[in-house]
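*Asks:*
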Amino acid sequence: LIGGILPVSLFSSGHTGFVQRMGEQLGFQKPYAYHATFQFSGTRGKKHRFRERMVWLDPPAYHDASQGYLRFQPVVPDHLMRPPWVGVQDTQRHLELIATQMAAV
């Protein structure tokens, strides 16, 4: 029996494979293996991560965009988009922005 340490760039955890894309950063196309760890939404979230990287076996129709994409363009007043100053917390403006976005949905 021989033991060793596998390189995380080729045998990726969820974070190093899906978020950091460490293998790509080092010039590899895809890791040998992904381990979908600590993913929100349980199994559905893990499948989604694999699908994002195109490593989940789905029928081609799953990825067919011929029906188009759902697009949402919110209308947000300019005064709520960016405060006129930097580094100052404006709770009231933030709450107004949230209310505007929620009303749009």
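Per our numbering, the sequence shown runs over residues 109 to 213.
For glycine and all other residues, C-beta sits at the position ideal for the given N, C-alpha and C.
#1: Just the C-alpha distance for His187 and Pro167, rounded to the nearest angstrom, thanks.
#2: Which residue wins for smallest C-alpha separation from Gln137, given the options Phe146, Phe126 and Val183?
#3: Please state whether DSSP places Tyr170 in a helix, a strand or coil.
#4: Among the residues of its own chain, which have a CB less than 8 Å from the CB of His123, if the five just before and after it don't count?
#5: To the nearest angstrom, report how far apart Met189 and Leu114 are at their CA atoms.
#6: Taking buried to mean at least 16 other C-beta atoms within 10 Å of its own C-beta, is Pro139 buried or exposed?
#7: Quick one: what's Tyr142 bridged to in DSSP?
#8: What does the Cβ neighbour count give for Gly135, buried or exposed, with the cut at 16 atoms within 10 Å?
*Replies:* Taking the definition as stated:
#1: Sequence index remark: in the sequence shown, residue 187 carries index 79 (1-based). Sequence index remark: in the sequence shown, residue 167 carries index 59 (1-based). Approximately 46 Å between the Cα atoms of the pair.
#2: Against the sequence shown, residue 137 aligns to sequence position 29. The shortest Cα separation from Gln137 among Phe146, Phe126 and Val183 belongs to Phe126.
#3: In the sequence shown, residue 170 corresponds to position 62, counting from 1. Reduced to three states, the DSSP call for Tyr170 is helix.
#4: Within the sequence shown, numbered from 1, the residue matching residue 123 stands at position 15. Here the set comprises Thr145 and Phe146.
#5: Position 81 of the sequence shown, counted from the first residue, corresponds to residue 189. Position 6 of the sequence shown, counted from the first residue, corresponds to residue 114. The straight-line gap from Cα to Cα measures roughly 46 Å.
#6: Within the sequence shown, the letter at position 31 stands for residue 139. Result: buried.
#7: For the purposes of this step, residue 142 is taken as residue 34 along the sequence shown, with counting starting at 1. Looking at the DSSP assignment, Tyr142 forms a beta bridge with Ser120.
#8: Taking the sequence shown and counting its residues from 1, one reaches residue 135 at position 27. Classification of Gly135: exposed, given that the 10 Å Cβ count is below 16.
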